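The listed protein sequences correspond, in order, to chains C and S.
Just so we're aligned: 44 in this note's numbering is position 44 of the first sequence, and the numbers increase by one with no gaps anywhere.
Just so we're aligned: 178 in this note's numbering is position 178 of the second sequence, and the numbers increase by one with no gaps anywhere.
Cβ coordinates follow ideal geometry from the N, Cα and C atoms, glycine included.
Here the structure is a predicted model, which is why all the values come from computation and not from measurement.
These notes concern the structure reproduced below.
2 protein chains.
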Amino acid sequence: MASGVNGTSGRPRKAAGRSPSVSPLSLNRISFYLRCLKRLDAEGLERISSKELARRFNLSAPQIRKDLAQLGEFGIRGVGYETSALIEHLSTLLGLDRQHRMVIVGMGNLGSALARYLGFNSGPFQVVAGIDKDPDKVGERIGSFVVRPAEELAQVVRCSGAEIGVLTVPADGAQASHDALVDAGIRGVINFSPTRIRPVPGVPLKDVDLRIHLEELAYFLQERQGQHS
Amino acid sequence: MASGVNGTSGRPRKAAGRSPSVSPLSLNRISFYLRCLKRLDAEGLERISSKELARRFNLSAPQIRKDLAQLGEFGIRGVGYETSALIEHLSTLLGLDRQHRMVIVGMGNLGSALARYLGFNSGPFQVVAGIDKDPDKVGERIGSFVVRPAEELAQVVRCSGAEIGVLTVPADGAQASHDALVDAGIRGVINFSPTRIRPVPGVPLKDVDLRIHLEELAYFLQERQGQHS
DNA sequence: AGATGTGAATGAGTTCACAGCT
DNA sequence: AGCTGTGAACTCATTCACATCT
Numbered sequence: 001m002a003s004g005v006n007g008t009s010g011r012p013r014k015a016a017g018r019s020p021s022v023s024p025l026s027l028n029r030i031s032f033y034l035r036c037l038k039r040l041d042a043e044g045l046e047r048i049s050s051k052e053l054a055r056r057f058n059l060s061a062p063q064i065r066k067d068l069a070q071l072g073e074f075g076i077r078g079v080g081y082e083t084s085a086l087i088e089h090l091s092t093l094l095g096l097d098r099q100h101r102m103v104i105v106g107m108g109n110l111g112s113a114l115a116r117y118l119g120f121n122s123g124p125f126q127v128v129a130g131i132d133k134d135p136d137k138v139g140e141r142i143g144s145f146v147v148r149p150a151e152e153l154a155q156v157v158r159c160s161g162a163e164i165g166v167l168t169v170p171a172d173g174a175q176a177s178h179d180a181l182v183d184a185g186i187r188g189v190i191n192f193s194p195t196r197i198r199p200v201p202g203v204p205l206k207d208v209d210l211r212i213h214l215e216e217l218a219y220f221l222q223e224r225q226g227q228h229s
Numbered sequence: 001m002a003s004g005v006n007g008t009s010g011r012p013r014k015a016a017g018r019s020p021s022v023s024p025l026s027l028n029r030i031s032f033y034l035r036c037l038k039r040l041d042a043e044g045l046e047r048i049s050s051k052e053l054a055r056r057f058n059l060s061a062p063q064i065r066k067d068l069a070q071l072g073e074f075g076i077r078g079v080g081y082e083t084s085a086l087i088e089h090l091s092t093l094l095g096l097d098r099q100h101r102m103v104i105v106g107m108g109n110l111g112s113a114l115a116r117y118l119g120f121n122s123g124p125f126q127v128v129a130g131i132d133k134d135p136d137k138v139g140e141r142i143g144s145f146v147v148r149p150a151e152e153l154a155q156v157v158r159c160s161g162a163e164i165g166v167l168t169v170p171a172d173g174a175q176a177s178h179d180a181l182v183d184a185g186i187r188g189v190i191n192f193s194p195t196r197i198r199p200v201p202g203v204p205l206k207d208v209d210l211r212i213h214l215e216e217l218a219y220f221l222q223e224r225q226g227q228h229s
């Protein structure tokens with residue numbers, strides 16, 4: 001049930017190159033730090049301390065240091081971190097220095113919504129194809145691609161060179177669609193279906209459940225409870 | 001920095017009525033259990049054990065029991081849980097027994113995508129209004145409503161009786177839009193902006209950052225690491 | 001002096017084993 | 001017998017205080 005599996009070969013000194021298995025929670029924060037740093041960089045700020053970063057973006061300074069320190073010694077003691085250098089490091093760590101092609105499976109409301117949203121995004125993530133089993137949706141043009149039928153899934157994945165599968169099918173078909181993507185050679189899956197999928201070892205899977213987030217909020221609305229993150 | 005704040009007055013025996021401050025993580029799972037139970041109920045299954053529930057949906061049986069036990073004694077020892085009764089209990093716990101009206105602030109790609117997605121959803125969550133500061137977008141019809149200008153935010157919130165604000169503005173304007181929603185009397189906010197907002201005590205805030213999830217996946221793609229949740 | 005990097009202490013969350021009902 | 005409810009062990013994550021470097 002754990003995630004681990006560390007593939008580093010034990011360097012003599014902690015180097016900036018390969019990272020030694022970062023925990024998902026830490027990773028999420030790092031991803032967020034990166035975005036903060038980009039904003040600061042755009043403002044022309046060249047250096048920032050963990051304290052100031054924490055103050056500006058509502059974070060915890062010791063945690064920033066812990067998160068960053070595990071990747072190598074990026075900071076300058078007595079000074080802080082260099083924004084541009086850190087941005088560089090974190091980007092390559094997360095694999096954002098290259099393009100990631102995505103296929104969306106299930107072009108219902110959520111699927112086409114995400115296609116439009118992600119399609120216009122010109123970052124490292126790019127939607128290259130959409131698939132649906134409903135004949136009415138096949139052939140429809142959404143953003144920069146045309147919806148293809150479910151039977152062509154494997155072919156579409158291979159031809160488009162997609163790495164990431166985006167699952168937006170109903171709960172019932174989610175596991176089957178996931179497995180089909182894996183069989184077709186997809187390297188990772190992000191699942192928006194309202195169900196939990198059994199992951200295939202070696203193919204990372206990330207669940208994002210919008211309804212759960214709404215329902216969590218609904219719960220806190222009733223209580224006279226304070227804030228939470 | 002903690003979330004807590006418990007408002008219960010200490011009943012003699014643990015009752016099914018008011019719940020004693022459930023942790024967000026536990027809450028997310030409960031929300032998911034509810035969905036699983038609904039599927040089982042639709043299949044006609046009247047009773048289910050934690051073990052079987054875990055097996056079917058890839059969960060942990062002891063955790064299911066812990067999560068449910070903290071809400072009261074819903075199970076029957078030696079038998080399991082009654083699906084319909086449990087669905088009832090969890091629904092009211094989460095506040096899904098009534099309608100929640102939502103206003104979307106920021107009708108860009110993500111905002112209008114969500115509007116369409118949530119708009120067709122006929123559950124307890126209902127999008128009743130959309131707001132944007134761009135004059136070009138104002139007046140546009142999206143789903144069942146017409147986009148209104150930013151100046152009318154307070155008025156729209158009050159007239160529509162919206163409880164939940166959905167933030168889909170760029171990072172720069174997020175805090176200001178959030179505060180405006182709070183001032184207008186919104187009761188909770190779900191934030192899709194790629195930035196962290198300083199919450200106002202008493203108004204629950206939930207961050208959902210799609211980009212972070214994608215970047216987390218991108219990281220795991222590079223490594224030859226196994227699965228994770 | 002000032003800020004990072006890090007081990008120790010604290011806290012939260014999960015797993016486990018079993019007592020207690022039915 | 002079977003399954004829930006729960007205290008205790010354990011793992012994981014965060015916070016803190018301080019040694020270390022510039």
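Where does Gly-173(C) sit, in a helix, a strand or coil, going by DSSP?
helix
By alpha-carbon positions, which one of Ile-212(C), Gln-222(C), Leu-214(C) and Val-208(C) ends up nearest to Glu-216(S)?
Val-208(C)
What's the C-alpha gap between Gly-111(C) and Pro-24(S)?
27 Å
Residue environment, Ala-113(S), which counts as buried when at least 16 other CB atoms sit within 10 Å
buried
When the Cα atoms are used, what is the spatial distance from Leu-86(S) to Glu-46(S)?
10 Å
Cβ of Gly-188(S) within 8 Å of any chain C Cβ:
Any Cβ of chain C closer than 8 Å to the Cβ of Gly-188(S) would place that residue at the interface, and such an atom is present.
Tell me the rounded alpha-carbon separation between Leu-27(C) and Gln-63(C).
One C-alpha to the other measures close to 12 Å.
Proximity below 8 Å, CB of Ile-163(S) to CB of Ile-131(S)
For clarity, residue 163(S) is Glu in the given sequence; the question names Ile instead. Cβ distance not < 8 Å, so Glu-163(S) and Ile-131(S) don't count as in contact.
Proximal residues, the segment 158-173 of chain S versus chain C, C-beta separation under 8 Å:
Glu-163, Ile-164 and Ala-171
State the start and end residues of the unbroken alpha helix (DSSP H) segment that holds Asp-41(S).
24-42
Do Val-103(C) and Val-166(C) have their CB atoms nearer than 8 Å?
yes
Touching by the beta-carbon criterion (3+ pairs, under 8 Å), the segment 28-45 of chain C and the segment 87-107 of chain C:
Judged by Cβ distances under 8 Å, the segment 28-45 of chain C makes contact with the segment 87-107 of chain C, as three or more pairs qualify.
Per DSSP, what are the beta-bridge partners of Leu-205(S) in this structure?
The secondary-structure analysis by DSSP pairs Leu-205(S) across a beta bridge with Val-189(S).
Three-state class that DSSP yields for Val-157(S) in the structure shown:
helix
Between Glu-151(S), Pro-135(S), Ser-122(S) and Ala-150(S), which lies nearest to Ser-144(S) when the distance is taken from Cα to Cα?
Ser-122(S)
Pop quiz: Phe-220(S) and Pro-204(C) are said to be a contact at Cβ under 8 Å. What is the actual Cβ separation, rounded to whole angstroms?
4 Å
Ordered along the chain, which non-local residues of its own chain (more than five positions away) have a Cβ less than 7 Å from that of Ser-160(C)?
Arg-101, Val-103, Val-128 and Ala-129
Below 9 Å on C-beta distance, what does His-178(S) contact in chain C?
Taking a Cβ-Cβ threshold of 9 Å, none of the residues of chain C is close to His-178(S); the smallest such distance is about 12 Å.
Residues bridged to Asp-67(C) [DSSP beta-bridge criterion]
In DSSP, Asp-67(C) forms no bridge with anything.
Per DSSP, what kind of secondary structure is Arg-231(C) in: helix, strand or coil?
Here chain C covers residues 1 to 229 and nothing more, so residue 231(C) does not appear.
Residue of Arg-196(C), Arg-39(C) and Ile-212(C) minimising C-alpha distance to Asn-58(S)
Arg-196(C)
Let's see if you can read the secondary structure: which residues bound the alpha helix (DSSP H) around Ile-212(C)?
210-222
Taking the C-alpha atoms as reference points, what is the distance between Gln-155(C) and Leu-118(C)?
22 Å
Rounded to whole angstroms, what's the CA-CA distance from Ser-177(C) to Leu-181(S)? Just pull it up for me.
Each residue's Cα considered, the two are about 39 Å apart.
Taking Cβ-Cβ distances below 9 Å as the criterion, which residues of the segment 31-48 of chain C are in contact with chain S?
Ser-31, Phe-32, Leu-34, Arg-35, Cys-36 and Arg-39
Tell me which residues share the same chain as Cys-36(C) and place their Cβ nearer than 6 Å to its Cβ, disregarding the 5 neighbours each side in the sequence.
Phe-57
Span of the alpha helix (DSSP H), counted from its first residue to its last, around Arg-55(S):
In the DSSP assignment, Arg-55(S) falls within the unbroken alpha helix (DSSP H) covering 50-57.
Ala-69(C) and Ser-60(C): beta carbons closer than 8 Å?
no
In three-state terms, what does DSSP make of Ile-87(S)?
helix
Could you name the residues of chain C that Val-212(S) contacts, counting a contact when the two beta carbons are closer than 8 Å?
Reading off the sequence, residue 212(S) comes out as Ile, not Val. Correct list: Asn-28, Ser-31 and Phe-32.
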